[in-house]
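Enquirer:
Number of protein chains: 2
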Amino acid sequence: MTHPSVIRPADHAQWRADAMGKSTIYQSGHMLVGLNAFEPGQCHKLHAHAGTDKVYLVLEGEGLFLLEGETLPMRAGDLLVAPEGVPHGVENNSGARLLVMAMLAPAPAQRT
Amino acid sequence: MTHPSVIRPADHAQWRADAMGKSTIYQSGHMLVGLNAFEPGQCHKLHAHAGTDKVYLVLEGEGLFLLEGETLPMRAGDLLVAPEGVPHGVENNSGARLLVMAMLAPAPAQRT
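Those protein sequences? They're chains A and B, same order as listed. Number 54 in the numbering used here belongs to position 54 of the first sequence; there are no gaps in the numbering. Basically the numbering used here = 1-based index in the second sequence + 112.
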């Protein structure tokens, strides 16, 4: 992807029938901006990133977000922060697609 | 702001009559997520961050974004990356409010 260019995030979503689809919009030594695409029923199990903060922004649809032992319903436009080391996960319990942008800083060595 | 909590970014916008309004949604040692709120005619002059990448996401409205000598029209949902050191700026040349989310990593010592 060349810069400068205007990016429509949803154009980069990867939808998969078997599991949550992942794609990367931007990655540098400082941060990673990616997409998590959930078909109905798909989820991203509880996990944590040592030394990396994550910010979720729901772009499309709605679902349940897990964070610090709570289950939070989120919908398009909602934002949630998972500070470093805090377990978090997502479940698309809706009947429609759920598209989430994730911003991680610093960029993890391997995206999980 | 306590965590975990679901955040509606627009609720944190600061609109000012005299100049672009700035607010911070989340800040840590790793990143800063903030809002730039532009009334019609307001702008953010060309500037650059040494050692910090910035990602813009338009949440509401439309305007012109300056990057690497180009002027890029952007509207709600559009994303643009200003890598470290690359001059960038924003002008609300529309007749309506323009609300932009900015994610900076690592967080700058002083937000500009």
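The C-beta atom is built at its ideal place from N, Cα and C for all residues, glycine as well.
Using a 10 Å radius around the Cβ and a threshold of 16 neighbouring Cβ atoms, would you call B:LEU180 buried or exposed?
Expert: Here residue 180 of chain B is Glu; the residue named in the question, Leu, does not match the sequence. B:GLU180 is exposed by the Cβ-count criterion.
Enquirer: Determine the direct distance from the alpha carbon of B:LEU191 to that of A:GLU91, and round the result to whole angstroms.
Expert: Distance between the alpha carbons of A:GLU91 and B:LEU191 is about 25 Å.
Enquirer: If distances are taken between C-alpha atoms only, which option among A:PRO106, A:LEU72 and A:LEU98 comes closest to A:GLY21?
Expert: Ranking the options by Cα distance to A:GLY21, first place goes to A:LEU98.
Enquirer: Determine the DSSP secondary structure at B:ALA194, reduced to helix, strand or coil.
Expert: Residue state, collapsed to three classes: strand.
Enquirer: Measuring only the C-alpha atoms, how far is B:MET213 from B:PRO121?
Expert: Using only the alpha carbons, I get a separation of about 8 Å.
Enquirer: Determine whether the beta carbon atoms of B:VAL193 and A:VAL33 lie at a separation below 9 Å.
Expert: Cβ distance < 9 Å, so B:VAL193 and A:VAL33 count as in contact.
Enquirer: Taking DSSP as the reference, what is the three-state secondary structure of B:HIS124?
Expert: B:HIS124 falls in the helix class under three-state DSSP.
Enquirer: Could you run through the region 155–175 of chain B and flag, in chain order, every residue whose CB is less than 9 Å away from some CB of chain A?
Expert: The region 155–175 of chain B vs chain A, Cβ under 9 Å: GLY163, THR164, ASP165, VAL167, LEU169 and LEU171.
Enquirer: Would you identify the three-state DSSP class for B:ARG167, choosing helix, strand or coil?
Expert: For clarity, residue 167 of chain B is Val in the given sequence; the question names Arg instead. B:VAL167: strand per DSSP, three-state reduction.
Enquirer: Please decide whether B:GLU182 counts as near chain A, where near means a Cβ-Cβ distance under 9 Å.
Expert: With 9 Å as the cut-off, B:GLU182 counts as an interface residue toward chain A.
Enquirer: Please identify, using Cβ separations under 8 Å, the residues of the region 119–148 of chain B that lie next to chain A, in order along the chain.
Expert: Residues ILE119, ARG120, PRO121, ALA122, ILE137, TYR138, SER140, HIS142, MET143 and VAL145.
Enquirer: Can A:PRO87 and A:HIS47 be called in contact, C-beta distance under 9 Å?
Expert: Their beta carbons are under 9 Å apart, which means A:PRO87 touches A:HIS47 by this criterion.
Enquirer: What is the residue span of the beta strand (DSSP E) that A:GLN27 lies within?
Expert: Residues 21–27.
Enquirer: Looking only at its chain, what residues have a beta carbon closer than 8 Å to the beta carbon of A:LEU66, apart from the 5 residues adjacent to it on each side?
Expert: Same-chain partners within the cutoff: LEU46, LEU72, PRO87, HIS88, GLY89, VAL90 and GLU91.
Enquirer: Find the residues of chain B that neighbour A:PRO87, judging by a C-beta separation of less than 7 Å, and give them in chain order.
Expert: Going along chain B, no residue has its Cβ under 7 Å from A:PRO87, so there is no contact; the nearest lies around 11 Å.
Enquirer: In the DSSP output, which residue or residues are listed as bridge partners for B:ALA214?
Expert: Beta-bridge pairing links B:ALA214 to B:GLY146 and B:TYR168.
Enquirer: Give me, in chain order, the residues of the same chain whose beta-carbon lies closer than 6 Å to that of B:GLN139; leave out the 5 immediate sequence neighbours on both sides.
Expert: Correct list, in chain order: ALA219.
Enquirer: Cβ atoms of A:ALA13 and A:SER23: under 9 Å apart, would you say?
Expert: Cβ distance < 9 Å, so A:SER23 and A:ALA13 count as in contact.
Enquirer: Residues in its own chain within less than 7 Å of A:PRO83 by CB, not counting five upstream and five downstream?
Expert: Excluding positions up to five away in sequence, the list reads ASP53.
Enquirer: Please identify, using Cβ separations under 7 Å, the residues of the region 206–217 of chain B that lie next to chain A, in order along the chain.
Expert: The residues in question are MET215 and ALA217.
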